[in-house]
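Step one of this worksheet: look at the structure below.
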Amino acid sequence: MLQDKITQYIEEIKAFAPTSTQDVEAFRLKFLVSKGIVKGLFEEFKTVSSEEKRELGKVLNEFKQLAENSYAEALEQFEGDSTDDQGANRTDLTLPGSGYVLGSRHPLSLVRKEIVDIFKKLGFIIADGNEIEDDWHNFSALNFAPEHPARDMQDTFFVKKEEGNDIVLRTHTSSVQVRLMEAGQPPFRAIMPGRVYRNEAISARAHCFFHQIEGLYVDEDVSFADLKQTLYHFVKELYGEDTKVRFRPSYFPFTEPSAEMDISCSICKGEGCQMCKQSGWVEILGCGMVDPNVLENCGIDSKKYSGYAFGMGIERITNLKYEIRDLRLFSENDVRFLAQFETETI
Ligand code: PHE
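591 is the number of the first residue of the sequence shown in this note's numbering; add one for each residue after it.
Below, the structure written as structure tokens:
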């Protein structure tokens, strides 16, 4: 009986001609696992007479060897083969790797970095403040009269309204000037990038938040000529040597005298286009000499020290650089827009 079975399985194993790793696995499951045929025959072997044992012991061991060797050979045959189903799961080291998809830098971050780097080379440090500010830092210390229209509900987001101590989302980065000056004594030479908020209807040309970069320089004998030279240098670095610059008188509560600075339109080179509303000029920043009241409000002797300040919108400068005509693109996170900018390098 046992002898017959062994003979029959030997035939089967000899005829075994696997065509895939699945066949090989099926063979292993049939013959070699703990509930498989080989183990089963050894169990059966225990039950036969000692006479038969003598006869069959050797045959059974040879059968076991045959099954194991056939399995090992079959395994070898399919090793490294990736054309069959199982092989498809193995790693084929000859295939090209699947690359990492890298993000790109946001255009506002690119331009902010460019601006900050220009001022860093001039010795400006970077400072920052709070996006949620109190009335003092956003308005009062900056010489805004109590009835100044900028405090009005139309422009300012109020977090808390309390007589004399409103809490607001800062409407400009000039609040950081106050924080910086309160914290020490001149000289100050700092550049202050940050997000600001204004209560405006969202459109292509206005948004309820945007980004500014503030600059402040306070020391003995700082003059308007210093301000102009610094800004000339900045514009030429950012937009090129042949960019023209002009100052127009303006008004800010915290600077006296105050000016707005225009540059020749970087897109039409002053010829007149949609971006500059056919004028050939675009306003890029507000600036002026720090009002002595502001210095005094921050505990700085305005007889000894003077300073200049300027503030610009990063969106405006980015629009000019990349010819972007809709502010909403900056915050919509549309990958088709964002992927056009410089890729992050690692
Ligand atoms: N804070 C002003 C604004 O938001 C810009 C400015 C900054 C003007 C510093 C003068 C000096 O428009």
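Even glycine gets a Cβ: it sits at the ideal position worked out from N, Cα and C.
Predicted model only: the values in this text are computed from it and were never measured.
query, result
"Which partner residues of glycine 876 appear in the DSSP bridge assignment?", "Glu850, Gly901"
"Given this structure, state the Cα-to-Cα distance separating isoleucine 705 from aspartate 682, to the nearest angstrom.", "48 angstroms"
"Cβ atoms of leucine 770 and glycine 939: under 9 angstroms apart, would you say?", "Here the chain has residues from 591 to 936 only, and residue 939 is not among them."
"One question on the structure: do tyrosine 898 and leucine 806 come within less than 9 angstroms of each other, judged by their Cβ atoms?", "yes"
"Is the number of C-beta pairs between the region 879 to 891 and the region 853 to 867 that are closer than 8 angstroms three or more?", "no"
"To the nearest angstrom, how far is the alpha carbon of phenylalanine 927 from that of arginine 836?", "33 angstroms"
"So, using beta-carbon positions, are serine 869 and cysteine 855 closer together than 9 angstroms?", "yes"
"Under DSSP, the alpha helix (DSSP H) around glutamine 598 begins and ends at which residues?", "592 to 604"
"Give me the DSSP bridge partner(s) of proline 839.", "Ala849"
"Cβ of serine 856 within 8 angstroms of any heavy atom in the ligand PHE?", "no"
"Tell me whether glutamate 932 sits in a helix, a strand or coil according to DSSP, three-state version.", "coil"
"Terminal residues of the continuous alpha helix (DSSP H) containing lysine 750?", "That residue, lysine 750, is in no alpha helix (DSSP H); its beta strand (DSSP E) goes 748 to 750."
"Rounded to the nearest angstrom, how far is the Cβ of asparagine 789 from that of serine 765, given a contact under 8 angstroms?", "Rounded, the Cβ-Cβ distance is 17 angstroms, inconsistent with contact."
"Lysine 604: which of Glu922, Glu658, Glu810 sits nearest, CA to CA?", "Glu658"
"Hey, would you say proline 739 sits closer than 9 angstroms to isoleucine 890, going by beta carbons?", "no"
"Going by beta-carbon coordinates alone, are cysteine 877 and glutamate 905 separated by less than 9 angstroms?", "no"
"Grab the span of the beta strand (DSSP E) containing glutamine 802 for me, first residue to last.", "799 to 809"
"Can the beta-carbon of glycine 830 be found closer than 9 angstroms to that of isoleucine 874?", "no"
"Ends of the beta strand (DSSP E) at alanine 578?", "No answer is possible for residue 578: it lies beyond the span of the chain, which begins at 591 and ends at 936."
"Going by DSSP in three states, valine 614 sits in which element: helix, strand or coil?", "helix"
"Cutting at 6 angstroms between CB atoms, please list the residues of its own chain near arginine 779, excluding the five before and the five after it.", "Gly713, Phe714, Tyr807"
"Going by other Cβ atoms of all chains shown within 10 Å of its Cβ, with 16 needed for buried, is glutamine 767 buried or exposed?", "buried"
"Output the distance between the C-alpha atoms of phenylalanine 842 and valine 872, rounded to the nearest integer angstrom.", "19 angstroms"
"Since leucine 732 contacts phenylalanine 844 with CB under 8 angstroms, what's their CB separation in whole angstroms?", "4 angstroms"
"Tell me whether aspartate 724 sits in a helix, a strand or coil according to DSSP, three-state version.", "strand"
"Since phenylalanine 621 contacts valine 614 with CB under 8 angstroms, what's their CB separation in whole angstroms?", "About 11 angstroms; that fails the 8 angstroms criterion."
"To which residues does DSSP link leucine 759 through a beta bridge?", "Ile722"
"Out of curiosity, what's the CA-to-CA distance linking leucine 619 and glycine 630?", "13 angstroms"
"When we look at the beta-carbon of arginine 760 and count the other beta-carbons within 10 Å, is it buried (16 or more) or exposed?", "buried"
"Alpha carbon to alpha carbon, how far is threonine 611 from glycine 626?", "18 angstroms"
"Report all residues from its chain with a CB closer than 8 angstroms to the CB of glycine 901; omit the five preceding and five following residues, and keep chain order.", "His762, Thr763, Ser764, Gln802, Ile803, Glu804, Gly805, Leu875, Gly876, Cys877"
"Leaving aside the five residues before and after phenylalanine 617 along the sequence, list all residues of the same chain whose C-beta is less than 8 angstroms from its C-beta, in chain order.", "Phe606, Pro608, Ser660, Tyr661, Ala664"
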